[in-house]
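Since the structure comes first, as structure tokens, the remarks are kept for the end.
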Amino acid sequence: MKGKTIFITGATSGIGEGCARKFASAGCRLILNGRNVEKLEALKRELVLSGCEVLTLPFDVRDREAMKLALDSLQEEWKNIDVLINNAGLSDSASFLDYDVDRFDKIMNLNLRAVYITTHAAATIMKEQNHGVILNTSSMVSLYGQSAGVAYPVSKFAINGLTKSLARELGKYGIRVNAVAPGIINTDMVKQLPKEMIEPMINAIPLKRIGEPEDIASAFVFLASDNASYITGTILSVDGAM
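Read in order, the letters of the sequence shown are residues 0 to 241 in numbering that gives the first Met the number 0.
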């Protein structure tokens, strides 16, 4: 992976932050996206001190024009994108009967429409390079749904479909497309849950622990590497067999 350019959306916390650190330790150059400028720049300073080249792109990935301008300027500076990691996303746990169209659209716009925008822009560059890897953050609920917050699993089911379809369509350009479906991961969102809610979740996991962001980041690094050169169209579950 040394010297490869990795573009990560939603890089300022949780899985995205874990991916940034893991790819940095592998000797990659990083393009980090996030809307929290303070967190983004703090992460950049940390990684630069470790010897990593880092560019930051603090814009909303739902903005198609901002994405195009960012990648045009990126091409002028770094020429190529080897790996795109679509990680920015929004979860939900509201009851379906409490839903309205605006709530549904808000989640779908970030979890699906933004992934389409970013992927389309990056794939255009990767086609010119005749190589590239696109990796999407899915979820364990993309495989069997969840009991509330319907827009979130719907968006992740769609991400799986996008992943499998683009793997078939873009393979002729040397572009591989895969997704990682995390289980319960020790992120800020999970840390805020009460103990009485977390313990039954842990007990339901055969490995008897929740995952760490580094567990997911390791899966992303593997799928991005030449060790996975014949893997495409795959949804890789990383969930402790939950």
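Don't be surprised by glycine CBs; every beta carbon is placed ideally from N, CA and C.
Checklist entry - Do Ile230 and Arg175 come within 8 angstroms of each other at the CB atom, strictly closer than that value? => result Along the sequence shown, one-based indexing puts residue 175 at 176. Along the sequence shown, one-based indexing puts residue 230 at 231. Contact flag set, yes.
Item to check | Beta carbon of Gly173 nearer than 8 angstroms to that of His130 | outcome: For the purposes of this step, residue 173 is taken as the residue at position 174 of the sequence shown. For the purposes of this step, residue 130 is taken as the residue at position 131 of the sequence shown. Yes.
Item to check | Cutoff 7 angstroms; reference Pro35; Cβ partners in own chain excluding five residues on either side | outcome: Taking the first residue of the sequence shown as 1, we reach residue 35 at position 36. Here residue 35 turns out to be Asn, not Pro, going by the sequence shown. Contacts found: Thr11.
Checklist entry - For the beta strand (DSSP E) that Leu134 lies in, which residues bound it at each end? => result What you label residue 134 is simply residue 135 of the sequence shown in a count that begins at 1. Here the beta strand (DSSP E) through Leu134 covers Gly131 to Thr136.
Item to check | CB of Asn273 within 8 angstroms of CB of Ala178, strictly | outcome: What is shown of the chain runs 0 to 241, which leaves residue 273 out entirely.
Checklist entry - Can you tell me whether DSSP reads Thr4 as helix, strand or coil? => result Mapped onto the sequence shown, residue 4 falls at position 5. If DSSP states are grouped into helix, strand and coil, Thr4 belongs with the strands.
Item to check | Beta bridge counterpart(s) of Pro181 as assigned by DSSP | outcome: Within the sequence shown, the letter at position 182 stands for residue 181. Bridge partners of Pro181: Val237.
Item to check | Nonlocal neighbours in the same chain, by C-beta distance under 7 angstroms from Met188, ignoring five residues either side | outcome: Here residue 188 refers to the residue found at position 189 when the sequence shown is read from its first residue. Ser90.
Checklist entry - Rounded to a whole number of angstroms, what is the C-alpha to C-alpha distance between Leu96 and Tyr143? => result Start at 1 with the first residue of the sequence shown, and residue 96 comes out as number 97. Start at 1 with the first residue of the sequence shown, and residue 143 comes out as number 144. Approximately 20 angstroms, taken between the alpha carbons.
Item to check | Nearest residue (CA-CA) to Asp62, options Gly33, Ile209 and Gln145 | outcome: Against the sequence shown, residue 62 aligns to sequence position 63. Among Gly33, Ile209 and Gln145, the Cα nearest to that of Asp62 is on Gly33.
Checklist entry - Going by DSSP, what residues sit across from Thr231 in a beta bridge? => result Numbered from 1 along the sequence shown, position 232 holds the residue referred to as residue 231. According to DSSP, Thr231 bridges with nothing at all.
Item to check | Three CB pairs or more closer than 8 angstroms across the stretch 103–120 and the stretch 45–61 | outcome: yes
Checklist entry - For Val60, which of helix, strand or coil comes out of DSSP? => result In the sequence shown, counting from the first residue as 1, residue 60 sits at position 61. Val60 falls in the coil class under three-state DSSP.
Checklist entry - What residue from Tyr98, Asp238, Leu68 and Lys126 has the CA that sits closest to Val165's CA? => result One-based indexing of the sequence shown puts residue 165 at position 166. The question names Val, but residue 165 is Leu in the sequence shown. Among Tyr98, Asp238, Leu68 and Lys126, the Cα nearest to that of Leu165 is on Lys126.
Item to check | Proximity below 8 angstroms, CB of Ala223 to CB of Met66 | outcome: By 1-based counting over the sequence shown, the position of residue 223 is 224. By 1-based counting over the sequence shown, the position of residue 66 is 67. No, the pair does not count as a contact, with Cβ atoms beyond the cut-off.
Checklist entry - What number of angstroms, rounded off, separates the C-alpha of Gln191 from the C-alpha of Leu235? => result Position 192 of the sequence shown, counted from the start, is the residue given in the question as residue 191. Position 236 of the sequence shown, counted from the start, is the residue given in the question as residue 235. For Gln191 and Leu235, the distance between alpha carbons rounds to 27 angstroms.
Checklist entry - Do Gln128 and Asn85 come within 8 angstroms of each other at the CB atom, strictly closer than that value? => result The residue given as residue 85 occupies position 86 in the sequence shown. The residue given as residue 128 occupies position 129 in the sequence shown. No; because the gap between Cβ atoms is not below 8 angstroms, this pair is not in contact.
Checklist entry - Can you tell me the Cα-Cα spacing of Glu213 and Ser94, whole angstroms? => result One-based indexing of the sequence shown puts residue 213 at position 214. One-based indexing of the sequence shown puts residue 94 at position 95. Rounded to whole angstroms, Glu213 to Ser94 spans 31 angstroms at the Cα level.
Next on the checklist: Do Leu68 and Pro57 have their beta-carbon atoms positioned less than 8 angstroms apart in this structure?
Outcome noted: Taking the sequence shown and counting its residues from 1, the one referred to as residue 57 is at position 58. Taking the sequence shown and counting its residues from 1, the one referred to as residue 68 is at position 69. Taking 8 angstroms as the Cβ cut-off, Pro57 and Leu68 do not qualify as a contacting pair.
Checklist entry - Per DSSP, Leu29 is paired with what? => result Within the sequence shown, the letter at position 30 stands for residue 29. Ile5 and Val53.
Item to check | Selected residue, minimal CA-CA separation from Ser141, among Ala157, Ala147 and Ile209 | outcome: The residue given as residue 141 occupies position 142 in the sequence shown. Answer by Cα proximity: Ala157.
Item to check | Whole-Å CB distance - Phe216 paired with Ile5, under 8 angstroms assumed | outcome: What you label residue 216 is simply residue 217 of the sequence shown in a count that begins at 1. What you label residue 5 is simply residue 6 of the sequence shown in a count that begins at 1. Here the sequence assigns Ala to residue 216, which means Phe is not the residue at that position. Wrong, their Cβ atoms sit about 11 angstroms apart, outside the cutoff.
Checklist entry - Nearest-angstrom Cα distance between Met139 and Val153? => result One-based indexing of the sequence shown puts residue 139 at position 140. One-based indexing of the sequence shown puts residue 153 at position 154. Those two C-alpha atoms are separated by around 12 angstroms.
Next on the checklist: Using C-beta distances below 6 angstroms, list every residue in its chain close to Lys43, excluding the 5 sequence neighbours before and after it, in chain order.
Outcome noted: Here residue 43 corresponds to residue number 44 of the sequence shown, with the count starting at 1. Val53 and Thr55, listed in sequence order.
Checklist entry - In whole angstroms, what separates the C-alpha of Ala23 from that of Leu83? => result Here residue 23 refers to the residue found at position 24 of the sequence shown. Here residue 83 refers to the residue found at position 84 of the sequence shown. Rounded to whole angstroms, Ala23 to Leu83 spans 14 angstroms at the Cα level.
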